[in-house]
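The block underneath contains the structure these notes are about, expressed in C-alpha cells.
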Amino acid sequence: MRGGVDINKKIRFVTSNEGKFGEAREILEGRGFEIERFDVGYPEIQSFELEEVANYGVKYLWEKFGGDLFLEDSGLFIDSLNGFPGVFSAYAFKTIGDEGILRLLSGNPDREAYFKSVISFCDEDGNSNLFSGVVRGRISEEECGKYGFGFDPIFLYGEETFAEISIEDKNKISHRRRALNDFIDWLEGR
Ligand code: IMP
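For our numbering, add 1 to where a residue sits in the sequence shown, where the first one is 1.
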C-alpha cells in the first residue's frame with residue numbers, strides 16, 4: 002500500500018487518446034505509480050466547465066466499472082475568443098483543426114491563451130476528487146513542430162511551440178503535468 006492506494010493494483014486511466022496516455026504514464030511512473038489504459042467511453046455532458054464534465058464522467062464510470070480510475074478533460078482557452086474552444090476543444094480540433102484556429106485569429110494581435118487540464122479520480126467507495134493545472138502561452142502565427150498532438154503546433158510557450166519541444170520537456174511544464182502533480186501529491190498523502 003502507498004498513500005492508501007494499493008500500488009500493486011494499477012490505477013486505470015480512462016482515455017482513448019494515446020498522446021495523453023503516454024504523457025500521463027511517464028509522469029506517474031516517474032513517481033512510482035503504475036497506470037493502465039482503460040479505453041471505454043463515457044458521456045460528456047454539455048457544460049462550459051471542464052470540472053463538471055469530468056466529475057459527471059468519472060461518477061458514471063465508477064457506477065459501471067468500480068473505482069481507482071481517473072479521467073482527464075482538457076482544453077485550449079483563447080482569451081480574445083472568450084475562452085473558445087475551451088470545453089469544445091476536441092470537437093474544434095476534429096472540425097477546424099489548427100489551421101481553423103489560426104484563421105479565426107488572423108490579423109488579431111491578441112494571441113493570449115492557456116491550456117487547462119482537469120483530472121477526476123474516483124476510488125473504490127465512489128469518492129471523487131478533482132485536480133487541475135493551467136499553462137499560459139500564446140497562439141502562434143503558423144503551425145510549427147512535429148511533436149505532441151492536438152493544438153501543440155500552434156501553442157507557443159516562450160519562443161517555441163509545444164510541438165517543437167520534446168515530450169519530456171513538455172511534460173515538465175504542461176497543464177497536464179501540473180494537474181498530475183497535484184493528483185500524485187494527493188495520492189501520496191492519503
Ligand atoms: P478531451 O480532453 O479529450 O476532451 O480533448 C481535449 C482536446 O484539447 C484535445 O483533443 C486536443 O485537441 C486539445 N488538447 C488538450 N490538451 C492538449 C495538449 O496538451 N496539447 C495539444 N492539444 C491539447
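Yeah, the Cβ is synthetic: ideal placement off N, Cα and C, and Gly gets one too.
Three-way DSSP call (helix, strand, coil) for residue i in this model
| i | result |
| --- | --- |
| R112 | coil |
| L70 | strand |
| M2 | Because M2 carries a pLDDT of 46, less than 50, the predicted location of this residue cannot be relied on, and no value is offered for it. |
| L77 | strand |
| L62 | helix |
| L106 | coil |
| P44 | coil |
| I8 | The predicted position of I8 is uncertain, since its pLDDT is 49 and thus under 50; no value can be drawn from it. |
| G193 | Nothing can be reported for residue 193: it is not among the residues displayed for the chain, which extend from 2 to 191. |
| S90 | helix |
| F1 | Summary: the structure shown does not reach residue 1, with the chain confined to residues 2 through 191, and so no result is reported for it. |
| G138 | strand |
| N18 | coil |
| N130 | strand |
| E37 | strand |
| E1 | In the structure as shown, the chain begins at 2 and stops at 191. Residue 1 is therefore absent and cannot be evaluated. |
| F122 | strand |
| R13 | strand |
Spatially closest choice to residue i from the options, by CA coordinates
| i | options | result |
| --- | --- | --- |
| S90 | S75, S48 and N56 | S75 |
| V70 | A93, S129 and F49 | Checking the sequence, you will find Leu at residue 70 rather than Val. Closest option to L70, Cα to Cα, is S129. |
| F14 | E24, E37 and F116 | E37 |
| G87 | I28, R104, G108 and E52 | E52 |
| D126 | S81, G33, G67 and F78 | G67 |
| R179 | N18, I28 and G20 | I28 |
| E142 | D170, I79, S107 and D186 | S107 |
| E19 | E73, G84 and Y43 | E73 |
| N182 | S133, E161 and D170 | S133 |
| N83 | E24, F49 and A25 | F49 |
Any non-hydrogen atom of the ligand IMP within 7 Å of residue i CB
| i | result |
| --- | --- |
| L77 | yes |
| D111 | no |
| S175 | yes |
| S90 | yes |
| F39 | no |
| D99 | no |
| G108 | no |
| N163 | It should be noted that the sequence gives Phe, not Asn, for residue 163. Flag set: Cβ of F163 near the ligand IMP. |
| N172 | no |
Near the ligand PLP: residue i beta-carbon under 7 Å from a heavy atom
| i | result |
| --- | --- |
| R32 | Questions concerning the ligand PLP fall outside what the structure shown contains, since the ligands it does hold are the ligand IMP. |
Are the region 48 to 63 and the region 98 to 107 touching by the rule of at least three beta carbon pairs closer than 8 Å?
-> no
Quick check: the region 142 to 152 against the region 184 to 191, are there 3 or more CB pairs under 8 Å?
-> No: the two stretches stay apart, fewer than three of their Cβ pairs being nearer than 8 Å.
With a cut-off of 8 Å, do at least 3 Cβ pairs link the region 149 to 158 to the region 101 to 120?
-> yes
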